[in-house]
Structures are given as C-alpha cells and as structure tokens.
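Engineer: These protein sequence lines are chains F and U, in that order. For the first sequence, the working numbering begins at 97 and goes up steadily by one. For the second sequence, the working numbering begins at 38 and goes up steadily by one.
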Amino acid sequence: GNSVTQMEGPVTLSEEAFLTINCTYTATGYPSLFWYVQYPGEGLQLLLKATKADDKGSNKGFEATYRKETTSFHLEKGSVQVSDSAVYFCALSGGRDSGGYQKVTFGTGTKLQVIP
Amino acid sequence: GAVVSQHPSRVICKSGTSVKIECRSLDFQATTMFWYRQFPKQSLMLMATSNEGSKATYEQGVEKDKFLINHASLTLSTLTVTSAHPEDSSFYICSAREFFGSGTQLSVL
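1) Could you tell me which residues DSSP pairs with F:Gly-153 in its beta bridges?
2) What whole-angstrom Cβ distance do F:Gln-198 and U:Thr-112 have, given they're in contact under 8 Å?
3) Does any residue of chain F have a CB that is nearer than 9 Å to the CB of U:Ser-139?
4) Determine the extent of the beta strand (DSSP E) in which F:Tyr-184 is found, giving its start and end residues.
5) Counting Cβ pairs, one atom from each stretch, are 3 or more of them under 8 Å apart for the region 43-61 of chain U and the region 109-122 of chain F?
6) Is the distance from the Cβ of F:Leu-187 to the Cβ of F:Thr-166 below 9 Å?
7) Could you give the DSSP three-state label for U:Glu-124: helix, strand or coil?
8) Tell me which same chain residues have a C-beta within less than 8 Å of the C-beta of U:Asn-22, skipping the five on either side of it?
9) Would you identify the three-state DSSP class for U:Ser-91, choosing helix, strand or coil?
10) Pick out whichever of U:Val-99, U:Phe-65, U:Ser-91 has its Cα sitting closest to the Cα of U:Trp-72.
11) Closest by CA to U:Ile-130, which one among F:Asn-98, F:Gly-139, F:Thr-124, F:Gln-134?
Below you can see the structure in the form of structure tokens.
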C-alpha cells in the first residue's frame, strides 16, 4: 500500500536559517504529493503540491520538487521565520492503491520550531 | 481557492450523549469526503470514506455503529459520534479532494 516517511522532529532552527524536511514515499502508479502545515489547535492548511514527476510546488517561500527517481518530495525554505513554527506533514494521494478515491496518506509530521 | 468548512470547531459534551460534526465543501461538489482522527502530537488516521448517496467505507478497527456518517448531498457530510465516552475525545478533521476542514476538538466529560 501507499506510505509516506518523513524525518522525525522536532527541528529547531534560528530565524533566517535554511530549512529542509525530508520526505520519501512508496506508492504504485503516479500519486500527487503534498505538504500540509498545522498550527496549534488548527486544521491542516495545504502548503504546496505537485502532481507529476519533476513538478515543483511552491508557496510562501517553501518549495518541494517531485522526484520520481528517488521517490522523494523534500520541503525547503531558504530563510525561516518565527511564524513558520508549526507541524509539517508530507502526504500523497492517488495511485493504484487508493481505490480511485482521493484518500490522503500522511507522514508522521515534523514539528518545526524557529527561535529568534 | 477551494474551501472545506467544518463545524463546530470545539464541542464539550457529557458521556453518553451524541455529537454531530458537519463538513461542507463550499465552492465545489464532492462525491467523496474523508474523516480523520488525530491524537495529540500524532499524525492523522483515516477513519472512514464518506460516499454521497451510499454507505460509508470504514477503516479497520473503526466502529461504524459508533461513528455514523451521512453524506446526503454533494456538499455535505456529517459525522455523528454516538454515545460518546471520554476515550472518544480527540481532534476530528474532514477533507474533500486535497482540502481539509479546520477540525473539531471533541471533549467528552
């Protein structure tokens, strides 16, 4: 079945540092890949997505490239801010094992803490 | 962009009562919606797939008689937690396509 593996946190960075959160996946077919962000006590916000190989999703300074050869979708940001502190989830949907529905399979989440 | 609205955002109830949570797709139709449960500091666990006009599909280990799902229209799915107990206290989130609701924090006293 589909699965997503992302680096464990928490990740603590100083403001303006470079961020990388690793994510790899297992899926049959051609899944869509996502990064979601969750602030404390809130639901999930779609941060960015990519629907096919070599696509780059980007939003609010965050980027991730769909790498089919390495089955990866690493999240990066060049300069983090305190307001980026949150939990980040890598996820996928689609592919043959999803039964034709858009069920989303999540990684375990990575907590990011940015200190001033 | 597309928005999924979930209501209520927070509910406190007594043990033994039932609680209904609504999930609406605001600017698109969704024949399929999903319900997730999230425990503190953990990832989301899929509970069930809500199908418009037919029975919901439940994941293994999820009690369908306890978590009643109704998908009566193309824009609305509801999750009813029946005879709630303290162990049902959790954060419940719905989704349609790749969009998620804001979640419902359920606390059962």
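Cβ coordinates follow ideal geometry from the N, Cα and C atoms, glycine included.
Structural biologist: Looking at the coordinates:
1) F:Ala-160
2) In fact, because the Cβ distance is near 16 Å, the residues do not count as touching under 8 Å.
3) yes
4) 182-189
5) no
6) In the sequence on display, residue 187 of chain F carries Ala and not Leu. The answer is no: Cβ separation not under 9 Å.
7) helix
8) Nothing about residue 22 of chain U can be reported from this structure: the residues present for chain U run from 38 to 146 only.
9) Three-state DSSP puts U:Ser-91 in coil, outside helix and strand.
10) U:Val-99
11) F:Gly-139
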